[in-house]
Amino acid sequence: MSLYEGLKDVAKVVQQADNVELYRQLIDLCEQALDLQAKIRELTEENAELKKKHNLEERIQRHKELYITLEGEDCDIFFCSHCWDNDRKLIQLEKSYGESTCPQCHWSCIYDKIEYEKYKQRYYY
Ligand SMILES: [Zn+2]
């Protein structure tokens, strides 16, 4: 039996007893119980979200260059350390010719200097 169903059954019995004050108190308690149930649901969801973030936090691997990878995932997939540090969001970086750029905050870093220099020499000199 759900909380709502149980309260409804008790309310019927109290209503039949024809005691207005008892009925008012029961209605007040019902409202409090339903508010508490909503709060429990909200906190349960928040707790699940925090656990998910905490588990991610433990898998974060930092590097000398300003990107992060996730332990247990493909190490060629880079995420933005700037977005992670500011908002705890995992934003995958776009990689091109040794440079990676965040599509969200536009932070960029050079993760492969040799490839980056080759690209620069080919197109800029
Ligand atoms: Zn970013």
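Residue numbers (the numbering used here): 1 to 125. A virtual CB, placed ideally from N, CA and C, is assigned to each residue, including glycine.
Beta strand (DSSP E) segment containing residue i, residue limits
{"i": "S100", "result": "E99 to T101"}
{"i": "S2", "result": "Element bounds for S2: n/a, residue is neither H nor E."}
{"i": "L70", "result": "Y67 to L70"}
{"i": "E94", "result": "E94 to S96"}
Start and end residues, alpha helix (DSSP H) containing residue i
{"i": "Y124", "result": "K113 to Y124"}
{"i": "D85", "result": "S81 to D87"}
Residues bridged to residue i [DSSP beta-bridge criterion]
{"i": "S108", "result": "T101"}
Closer than 7 Å: residue i CB and nearest ligand 3 heavy atom
{"i": "H63", "result": "In terms of ligand content, the structure shown lacks ligand 3 and carries ligand 1 instead."}
Pick from the options that is closest to residue i, judged by C-alpha positions
{"i": "L66", "options": "E99, L43, I114 and E49", "result": "E99"}
{"i": "W84", "options": "L56, Q16 and K64", "result": "L56"}
{"i": "H63", "options": "S81, E73, A48 and E49", "result": "S81"}
{"i": "D112", "options": "A48, Y97 and V20", "result": "Y97"}
{"i": "L90", "options": "K52, N47, D9 and E115", "result": "K52"}
What residue ranges within the region 5-64 form continuous beta strand (DSSP E) runs of no fewer than 3 residues, ordered along the chain? 60-62
So which residues touch the region around ligand 1, with touch meaning a C-beta under 6 Å from any heavy atom? C80, H82, C83, I91, C102, Q104, C105 and W107
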